[in-house]
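Going line by line, the protein sequences match chains D and Z. Just so we're on the same page, the numbering used here is the position in the first sequence counted from 1, plus 5. Just so we're on the same page, the numbering used here is the position in the second sequence counted from 1, plus 26. In what follows, a structure is listed as structure tokens, so that the remarks can point back to it.
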Amino acid sequence: MNLFRLAGDVSHLLAIIILLLKIWRTRSCAGISGKSQILFALVFTTRYLDLLTTFISFYNTTMKVIYIGCSYATVWMIYAKFKATYDSNHDTFRMEFLVIPIAALSLLVNHDFAPLEILWTFSIYLESVAILPQLFMVSKTGEAETITSHYLFALGLYRALYLMNWIWRFFAEGFFDLIAIVAGLVQTILYCDFFYLYITKVLKGKKLSLPA
Amino acid sequence: HDLTAKHDEL
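Next comes the structure, spelled out in structure tokens:
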């Protein structure tokens, strides 16, 4: 464990909690892409099956359980509890255009053709594009609530911190995992224009609005 | 190093 990875995990946990509280407290999931949340639940489910097979540490197990629990709770709130506030007209990204090619890619490019490893690879690839329906929805509505932009910032920051963690681990431990690094780069790059808008607008107290 | 041994990151 190093500082970058810990900061990344904290940022990721913060993002998940911000979203959960936003929906629960405002009793509304307006502006939130349910599809992205389904994809995140799928990412955690396929990545954390090793909860059943290997114990790494108390921290590792606890965080995985929290991530899985919160992501399913978020999906449940969007599609059941506060379904009336779900904006399905603007959440139109075709998830199958992401899941199917990535499933194929994870069968072709992986470290080991074993079930758990293929699922882990699928999860890493899927996570890199899972935010697309949400970014697509923000661009369609042309704006995002401030709390949603904080959620997106924390979520984007987490993988950027992981990139720093992998640089650190490369020099400190000689460890590197090219699949995770390439997917993490793609994932972070997808947030770049959002990061620019967040820093130039939201941090100046303005509302996040995309140029129409 | 065997990468698949265990993915110790979240």
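Each residue gets a CB set at the ideal place from its N, CA and C atoms; glycine is no exception.
query: Does the contact criterion of 3 or more C-beta pairs under 8 Å hold for the region 194-214 of chain D versus the region 37-47 of chain D?; result: no
query: Would you mind listing the alpha helix (DSSP H) stretches within the region 105-183 of chain D that are 4+ residues and don't spill past its ends, in chain order?; result: 120-134, 137-146 and 151-178
query: Out of Thr-146/D, Thr-50/D and Leu-168/D, which one is the CA nearest neighbour of His-95/D?; result: Thr-146/D
query: Nearest by alpha-carbon distance to His-33/Z: which of Trp-125/D, Leu-131/D and Leu-208/D is it?; result: Trp-125/D
query: What in chain Z is Cβ-close to Arg-99/D, meaning under 7 Å?; result: In chain order: nothing, as chain Z lies at least about 28 Å away.
query: Who are the neighbours of Thr-59/D on chain Z, taking C-beta pairs under 7 Å?; result: Lys-32
query: Taking 8 Å as the threshold (C-beta atoms), are Leu-215/D and Glu-122/D in contact?; result: no
query: How far does the alpha helix (DSSP H) with Asp-198/D in it extend, from its first residue to its last?; result: 197-205
query: Counting along the chain, where does the alpha helix (DSSP H) carrying His-224/D start and finish?; result: The question about residue 224/D has no answer here: the residues shown for chain D are numbered 6 through 217.
query: Leaving out five residues on either side along the sequence, give the residues of the same chain with a beta carbon under 7 Å from the beta carbon of Gln-192/D.; result: Glu-132, Ser-133 and Arg-164
query: Going by beta carbon distance, what residues of the same chain come within less than 6 Å of Tyr-203/D, once the five residues before and after it are set aside?; result: Ser-154 and Phe-158
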